[in-house]
Amino acid sequence: MKRVFSGVQPTSQIHIGNYIGAIKRFVELQNDMDCFFCIVDLHSVTVPQDPKELYENSLQLAALYMAVGLDPSKVTLFIQSHVPAHAELSWLLQCNSYMGELNRMTQFKEKSLGKDTVTTGLFTYPILMAADILLYDTHYVPVGNDQKQHLELCRDIAIRFNNKYGESFVIPEPLIAKFGARIMSLDDATKKMSKSNENKHSKINLLDSPSKIKKSIMKAVTDSESEVRFDVENKPGVSNLMTIYNVLSGMSLDEIEGKYKGMGYGTFKKDLVEVVVSALEPIQSRYEEILKSGEVEKVLKEGSQRANEVSNKILDRVKKKMGFVTF
Ligand code: ATP
Ligand code: LTN
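My numbering puts the first residue of the sequence shown at 12, with every later residue one more than the last.
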């Protein structure tokens, strides 16, 4: 069975960009692949975190993973910091990668822009991500479009390592959807929907109430025309809303265009509210049930046990190749 690995940071609330670009796709893969889905808490501390919030967000993300339909009997769900091999391999890979390649990472440039101080962890973040992936002999990595460059770096590091020390790593392939891999901000369709955007109406979180969803969608930027038509270049706002409509309802773009011909944006947006609310409702009620059931801790403990077993073997193999003494 092919292996899949992906991770989401336990920072702030999970939005429909994270869901459509990544988490929804995790659910689609779980029946056919051996999947590891991680709560990447070590990545989240590359920028300041409130300890109490980090704690709560980590457990909430685990409950949300299960609420969207990930089945712990099929997939391995775990917290990154429960598997020390991630930090250890990250160090070994740091000693086999270069300042120049990290300097080219656009996410680092964006996230450090305008900050007085930036942690070294934010700079080396993509190497920890490469370690996450390579530790599981991963074949496929489902992610949103913003992670493409990090995946390329991961492949470069793995290929170079294999050339230097002999076959050590499986070379992973990114799984980036042709459609929905970059959901845009509702207040500015030229930027990606982002957890770190302070405007709460720029995004729809999976746990948002119907009234908040309604407000955010009704406020969403469109354009001065009134035609519901998919045209990313000239109509980025409407095209983004149509993408969300398409992915969450299953209706094709042509069908959506046909349904709202001559009707203007008002009716389209009202119906989109319905589509989003009914897609999120079952997730929200399962989420509450899962939190109440107290099963999250058990699932994470079992998950980290399997993740430790699998990753320690691979770490050991890599350390032997590098010449470390292992018994
Ligand atoms: P920030 O938005 O603050 O940069 P993030 O949401 O990108 O944070 P993660 O929680 O680690 O950070 O992202 C989890 C997954 O969601 C990743 O696979 C990422 O590519 C994907 N993702 C994030 N934003 C979007 C988006 N707007 N559209 C599609 N996928 C996205
Ligand atoms: N860097 C990713 C989160 C992440 C990840 C991973 C994704 C950390 N480790 C391994 C896929 C595979 C992000 O910021 N979205």
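Note that CB positions come from ideal geometry on N, CA and C, so glycine has one too.
Heavy atom of ligand 2 within 7 Å of His161 beta-carbon: yes
Distance CB(Leu40)-CB(Pro153) smaller than 8 Å: yes
Straight-line Cα distance separating Lys122 from Met204: 15 Å
Neighbour-count burial assignment, Ile25, 16 or more Cβ in a 10 Å radius: buried
Top-ranked residue by Cα proximity to Ile255, from Phe190, Glu306, Ser220: Phe190
CA-to-CA distance, Met12 to Ala318, given in whole angstroms: 16 Å
Residue interval of the alpha helix (DSSP H) (run including Asp52): 52-55
Own chain, CB closer than 6 Å to Glu184, minus 5 neighbours either side, in chain order: Tyr151
Candidates Ser55, Met195, Thr149, Phe48: closest to Arg14 by CA position: Thr149
Asp45 - DSSP class collapsed to helix/strand/coil: strand
Reference Met140; option with closest CA among Ala98, Glu308, Ser260: Among Ala98, Glu308, Ser260, the Cα nearest to that of Met140 belongs to Ala98.
Close Cβ partners of Lys63 (< 7 Å) along its chain, the five nearest in sequence each way excluded: none
Proximity below 8 Å, CB of Leu259 to CB of Val287: yes
Ile11 and Ala78 closer than 8 Å at C-beta: The question about residue 11 has no answer here: the residues shown for the chain are numbered 12 through 338.
Sequence ranges, alpha helix (DSSP H) only - wholly within the region 264-289, length at least 4: 264-270
Beta-ladder partner(s) of Glu184, from DSSP: Under DSSP, Glu184 shares a beta bridge with Tyr151.
Boundaries (first-last residue) of the alpha helix (DSSP H) holding Val94: No alpha helix (DSSP H) holds Val94; DSSP gives it neither H nor E.
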